[in-house]
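Undergrad: Numbering (this note's numbering), first residue to last: 166 to 225.
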C-alpha cells in the first residue's frame, strides 16, 4: 500500500498543474507561479513517500 505522502504529493502536483493552467489562461503570473510551486512541493512529497515505501518494503 502506498504511503500517504505519495498520494498527497500526487494530489498537490495535480492541483498545481490545474492552478498553473488557470494562470496561463487568465494571464495571471502569480497564479502560474503558485501552481509551479505546488507542483514542486507535490513532487518532493511524492518522492519522500516513495522513499518511505522502499524502506518499509525492505524491512519485510
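No residue lacks a Cβ here, since even glycine has one placed at the ideal position from N, Cα and C.
Given that a residue counts as buried once 16 or more other Cβ atoms are within 10 Å of its Cβ, and exposed if not, what is residue 211?
TA: Counting from one through the chain shown, the residue named residue 211 turns up at place 46. Residue 211 is buried by the Cβ-count criterion.
Undergrad: How would you call residue 214, buried or exposed, if buried means at least 16 neighbouring beta carbons within 10 angstroms?
TA: Within the chain shown, numbered from 1, the residue matching residue 214 stands at position 49. Result: buried.
Undergrad: Could you give the DSSP three-state label for residue 170: helix, strand or coil?
TA: In the chain shown, the residue the question calls residue 170 occupies position 5. Residue 170: helix per DSSP, three-state reduction.
Undergrad: So the candidates are 199, 172 and 168; which of them puts its Cα closest to the Cα of residue 182?
TA: Here residue 182 refers to the residue found at position 17 of the chain shown. Minimum Cα distance to residue 182 is reached at 199.
Undergrad: Hey, how far is the Cα of residue 176 from the Cα of residue 169?
TA: In the chain shown, residue 176 corresponds to position 11, counting from 1. In the chain shown, residue 169 corresponds to position 4, counting from 1. For residue 176 and residue 169, the distance between alpha carbons rounds to 11 Å.
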